[in-house]
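Read through the structure below, which is laid out as structure tokens, and then see the notes.
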Amino acid sequence: MRKLLLSALTAATLALLPQSAAQAAKEEVVLGLSQDRVAITATFDGSEILIFGAVKRETPIPADEPLEVIVAVSGPAPSVMVRRKEKKLGIWVNVDSVLVDSAPAFYAVATSAPFAQVLRDTEDLRYRVSIRRAIRSVGAAMHIRGAQAFADAVMRIREKNGLYSLRENTVAVDEQTLFRTAIKMPADLTEGDYQTRIFLTRGGEVVSSYETSIDVRKVGLERFLFSLSREQPFLYGLMSLAIAIAAGWGASAAFSLLRNR
Amino acid sequence: MNAFLLLGLGGMVGVLSGMFGVGGGFLMTPLLFFIGIPPAVAVATEANQIVASSFSGVLAHFRRRTVDIKMGLMLQAGGLMGAALGVVVFNYLKALGQVDLLVKLCYVVFLGVVGGLMFIESLNAIRKSKKAGGAAPAARRQRGWVHALPFKMRFRTSGLYISVIPPILVGVCVGILAAIMGVGGGFIMVPAMIYILGMPTKVVVGTSLFQIILVTGFTTMLHATTNYTVDIVLAVLLLVGGVIGAQIGTRIGVYLKAEQLRILLALMVIVVCVKLGLDLLLQPAELFSLGEAGGH
Numbered sequence: 039m040r041k042l043l044l045s046a047l048t049a050a051t052l053a054l055l056p057q058s059a060a061q062a063a064k065e066e067v068v069l070g071l072s073q074d075r076v077a078i079t080a081t082f083d084g085s086e087i088l089i090f091g092a093v094k095r096e097t098p099i100p101a102d103e104p105l106e107v108i109v110a111v112s113g114p115a116p117s118v119m120v121r122r123k124e125k126k127l128g129i130w131v132n133v134d135s136v137l138v139d140s141a142p143a144f145y146a147v148a149t150s151a152p153f154a155q156v157l158r159d160t161e162d163l164r165y166r167v168s169i170r171r172a173i174r175s176v177g178a179a180m181h182i183r184g185a186q187a188f189a190d191a192v193m194r195i196r197e198k199n200g201l202y203s204l205r206e207n208t209v210a211v212d213e214q215t216l217f218r219t220a221i222k223m224p225a226d227l228t229e230g231d232y233q234t235r236i237f238l239t240r241g242g243e244v245v246s247s248y249e250t251s252i253d254v255r256k257v258g259l260e261r262f263l264f265s266l267s268r269e270q271p272f273l274y275g276l277m278s279l280a281i282a283i284a285a286g287w288g289a290s291a292a293f294s295l296l297r298n299r
Numbered sequence: 034m035n036a037f038l039l040l041g042l043g044g045m046v047g048v049l050s051g052m053f054g055v056g057g058g059f060l061m062t063p064l065l066f067f068i069g070i071p072p073a074v075a076v077a078t079e080a081n082q083i084v085a086s087s088f089s090g091v092l093a094h095f096r097r098r099t100v101d102i103k104m105g106l107m108l109q110a111g112g113l114m115g116a117a118l119g120v121v122v123f124n125y126l127k128a129l130g131q132v133d134l135l136v137k138l139c140y141v142v143f144l145g146v147v148g149g150l151m152f153i154e155s156l157n158a159i160r161k162s163k164k165a166g167g168a169a170p171a172a173r174r175q176r177g178w179v180h181a182l183p184f185k186m187r188f189r190t191s192g193l194y195i196s197v198i199p200p201i202l203v204g205v206c207v208g209i210l211a212a213i214m215g216v217g218g219g220f221i222m223v224p225a226m227i228y229i230l231g232m233p234t235k236v237v238v239g240t241s242l243f244q245i246i247l248v249t250g251f252t253t254m255l256h257a258t259t260n261y262t263v264d265i266v267l268a269v270l271l272l273v274g275g276v277i278g279a280q281i282g283t284r285i286g287v288y289l290k291a292e293q294l295r296i297l298l299a300l301m302v303i304v305v306c307v308k309l310g311l312d313l314l315l316q317p318a319e320l321f322s323l324g325e326a327g328g329h
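Just so you know, the sequences run in chain order A and B. The numbering of the first sequence is this note's numbering, which starts it at 39 and goes up by one. The numbering of the second sequence is this note's numbering, which starts it at 34 and goes up by one.
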């Protein structure tokens, strides 16, 4: 696992910023990631990304409301075809479908306290943080009558598969300054840039936010096979056949050798 | 997906296919459905695996000269047409979102019919062998429509002089099945060769394996180039387990009686069929399903 000392670097650059910029937002996020790349290899079975950071501030800690932290990681959003089954002639068949055009393939929210407590509904609406809001902000497909049921299905199925998750109380905050959390990523990740947003809130209001991205890529054999199958499908097919023939011949030869012995 | 689960599955089906002398595709593909592999991927990948197991099998038959190459080529000609047709139907239904249904329905129907017939036939065989001490029923050569057709050709290895139309038609049917169900089609072709074409039993298995290699190979290419559903890693895991299992199964098969073997196989086929059938009949827990967008 590559440990990138992003936190130290970011802290250094922020310290060099002129005072006026820091004054506008009183509290700012200084972030670190245990890794900013996730490599999907042939044996990849999920990964845990440690997200940690500090709150940089020029003024003393406000006394009124405690500082809360929300971390939201969102995967790429290829369109997904959602189909619904209905009983026809005694068997269950797909009857209709809706193209949900931008539901992220992965979405995880971690908060430092119960969600309703860390973020007000109006702020959620504005920043689209909760799963429901993040998925609802999808495009035209949502205007179709009954389409909400399909969007709900996307959420339900992906929640069940661990692709969407809301994990309350999983961000640890120390002294209203240091925070850390771990986001678990499942084995069947979609490639792409995973947008990572961090919100600092007080009394349910967002006081500061920060954005970065984590690069998730297939590498090695997995990358090679995937691109070969899409770009050179004929070659890929021939290779599959060659392997099959070789394995068949090899097995036959190996076992007749064993038998003759 | 767990690599050991797939190796084990390949091995298990390999043992069965070695024991019963079947390709195993018609058991492997439903098992892949059960562990959650999308039917489109299961079918395409299984076609690739069958190439391996058939190739391994046909080598032995070539050594024993029990392959009717001329008949095999006729079957292959039909098989290629059938496979192309099957893939077209497959892709059309995939675009409609109905391919899972088509594949599963085909399985329920074929497994039900084949399993049922095999079960009844082996029960009868067991009953007869108890009564008459194993007097095999006389093989009946079918004379009739098959011999009335034009374009006759001589098949020396099989000792036949028949029209080329029935072999091509049998090939077409098996090709369609290979493309849609990801099976070699041996379980349809072997009876068809014996009862419709009247081929001698000793050349039937070798010839059908010979035909299956080309047809499933062609099917693999079609699926790989049009659907991108051939998963090479999955195929390798399955075939490694499969080829080893098949060799073990062949040894075990020697110790069991043919009728008992067949009745076991029939029961297994029926169990898989019932499970697939129930999945279609009972209300699924999740009515919605997610699929990749786009024409394919």
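Each residue gets a CB set at the ideal place from its N, CA and C atoms; glycine is no exception. Source: prediction; values computed, not measured.
Starting from the C-beta of residue i, find all residues in its chain whose C-beta is less than 7 Å away, skip the five residues before and the five after it, and write them out in chain order.
i              : result
Y194 (chain B) : K185 and R187
A225 (chain B) : V203
A169 (chain B) : Model confidence at A169 (chain B) stands at a pLDDT of 47, short of 50, so the residue's coordinates are unreliable; what they give is reported in the following sentence. If we look at A169 (chain B) and ignore the five residues flanking it on each side, it has no Cβ neighbours.
I195 (chain A) : none
A172 (chain B) : At A172 (chain B), the pLDDT of 47 sits below 50, so the modelled position is not reliable and the matter cannot be decided from this model.
Grab me the residues of residue i's own chain with a C-beta within less than 8 Å of its C-beta, minus the 5 sequence neighbours each way, in chain order.
i              : result
P63 (chain B)  : Y140, L144, V305, K308 and L309
T242 (chain A) : The displayed chain sequence assigns Gly, not Thr, to residue 242 (chain A). Q155, V156, L157, R158 and E161.
V276 (chain B) : G47, A85, S86 and S89
Among the residues of its own chain, which have a CB less than 6 Å from the CB of residue i, if the five just before and after it don't count?
i              : result
L113 (chain B) : F251
L201 (chain A) : F144
R235 (chain A) : A110 and E249
A146 (chain A) : V111, S203 and I221
A172 (chain A) : Y145 and R166
A116 (chain B) : G208, A211, A212, V248, F251 and T252
A292 (chain A) : none
E66 (chain A)  : K94 and S246
Quick check on the DSSP output: the beta strand (DSSP E) that includes residue i runs from which residue to which?
i              : result
S247 (chain A) : E243 to K256
G230 (chain A) : G230 to R240
R121 (chain A) : V118 to K126
K94 (chain A)  : S85 to R95
S290 (chain A) : No beta strand (DSSP E) holds S290 (chain A); the alpha helix (DSSP H) holding it covers P271 to N298.
T166 (chain A) : Before going on, a small fix: residue 166 (chain A) reads as Arg here, not Thr. No beta strand (DSSP E) contains R166 (chain A), which DSSP labels as neither H nor E.
L216 (chain A) : L216 to M223
T62 (chain B)  : No beta strand (DSSP E) holds T62 (chain B); the alpha helix (DSSP H) holding it covers G58 to F67.
Can you pull the chain B neighbours of residue i, defined as C-beta to C-beta under 7 Å?
i              : result
L271 (chain A) : Sequence inspection shows Pro at residue 271 (chain A); the Leu mentioned does not correspond to that position. Within chain B, the residues near P271 (chain A) are A257, T258 and Y261.
F293 (chain A) : Q280
A115 (chain A) : Neighbours of A115 (chain A) on chain B: none; closest Cβ ~11 Å, over 7 Å.
R268 (chain A) : Y261
Can you give me the start and stop residues for the alpha helix (DSSP H) that residue i sits inside?
i              : result
V68 (chain A)  : Taken as a continuous stretch (DSSP letters only), V68 (chain A) belongs to no alpha helix (DSSP H), being part of the beta strand (DSSP E) at E65 to L71.
S87 (chain B)  : P72 to R96
Y125 (chain B) : I102 to L129
S50 (chain B)  : A36 to F53
R187 (chain B) : Run containing R187 (chain B): none in the alpha helix (DSSP H); it sits in the beta strand (DSSP E), K185 to F188.
I108 (chain A) : Element bounds for I108 (chain A): not the alpha helix (DSSP H) but the beta strand (DSSP E), L105 to S112.
D190 (chain A) : A185 to K198
Identify the contact partners of residue i in chain B, using a Cβ-Cβ distance below 8 Å as the criterion.
i              : result
K123 (chain A) : P317, L320, F321 and S322
V257 (chain A) : In chain order: nothing, as chain B lies at least about 15 Å away.
Out of the options, state which residue places its alpha-carbon closest to the alpha-carbon of residue i.
i              : options                           : result
V68 (chain A)  : A:S247, A:E269, A:D226 and A:A154 : A:S247
A85 (chain B)  : B:L315, B:V287, B:P317 and B:L270 : B:L270
P142 (chain A) : A:R122, A:A284, A:S135 and A:S168 : A:S168
T215 (chain A) : A:G84, A:K94, A:G70 and A:I89     : A:K94
I246 (chain B) : B:G130, B:G217 and B:G47          : B:G217
T259 (chain B) : A:R170, A:P271, A:R261 and A:I281 : A:P271
V132 (chain B) : B:P72, B:K161, B:R295 and B:A158  : B:P72
N207 (chain A) : A:T228, A:E197, A:S140 and A:I108 : A:I108
Q280 (chain B) : B:S322, B:G148, B:S87 and B:V205  : B:S87
A210 (chain A) : A:G91, A:S251 and A:R164          : A:G91
M254 (chain B) : A:A282, A:D134 and A:K126         : A:A282
Using a C-beta to C-beta distance shorter than 7 Å, which residues of chain D count as neighbours of residue i?
i             : result
S86 (chain B) : Annotation note: the requested chain D is absent from the structure, which comprises protein chains A and B.
For a contact meaning CB atoms closer than 7 Å, what does residue i contact in chain A?
i              : result
T253 (chain B) : G275, S278 and L279
So which residues on chain A does residue i lean against when the C-beta distance must stay under 8 Å?
i              : result
G130 (chain B) : M119, R121, N132 and S135
V269 (chain B) : I281 and A285
List the residues of chain A that residue i touches, going by C-beta distances under 9 Å, in chain order.
i              : result
L23 (chain B)  : This structure leaves residue 23 (chain B) out entirely; chain B is present only between 34 and 329.
N81 (chain B)  : G275, S278, L279, I281 and A282
L313 (chain B) : G128, I129, W130 and V131
A93 (chain B)  : S290 and S294
Going along chain B in order, which residues have a C-beta closer than 9 Å to the C-beta of residue i?
i              : result
L263 (chain A) : D264, I265 and V266
V68 (chain A)  : Ordered by position in chain B, no residue passes the 9 Å Cβ test against V68 (chain A), which lies about 38 Å from the chain.
A191 (chain A) : E319, L320, F321, S322 and L323
I195 (chain A) : E319, F321, S322 and L323
For this session: Any chance you could list the beta strand (DSSP E) runs of at least 3 consecutive residues sitting entirely within the region 215-247 of chain B, in chain order?
Result: Listed in chain order, the beta strand (DSSP E) runs fully inside the region 215-247 of chain B amount to none, counting runs of at least 3 residues.
Exercise. Going along the chain, which unbroken runs of the alpha helix (DSSP H) with 4 or more residues stay wholly within the region 244-306 of chain B?
Worked result: 265-287
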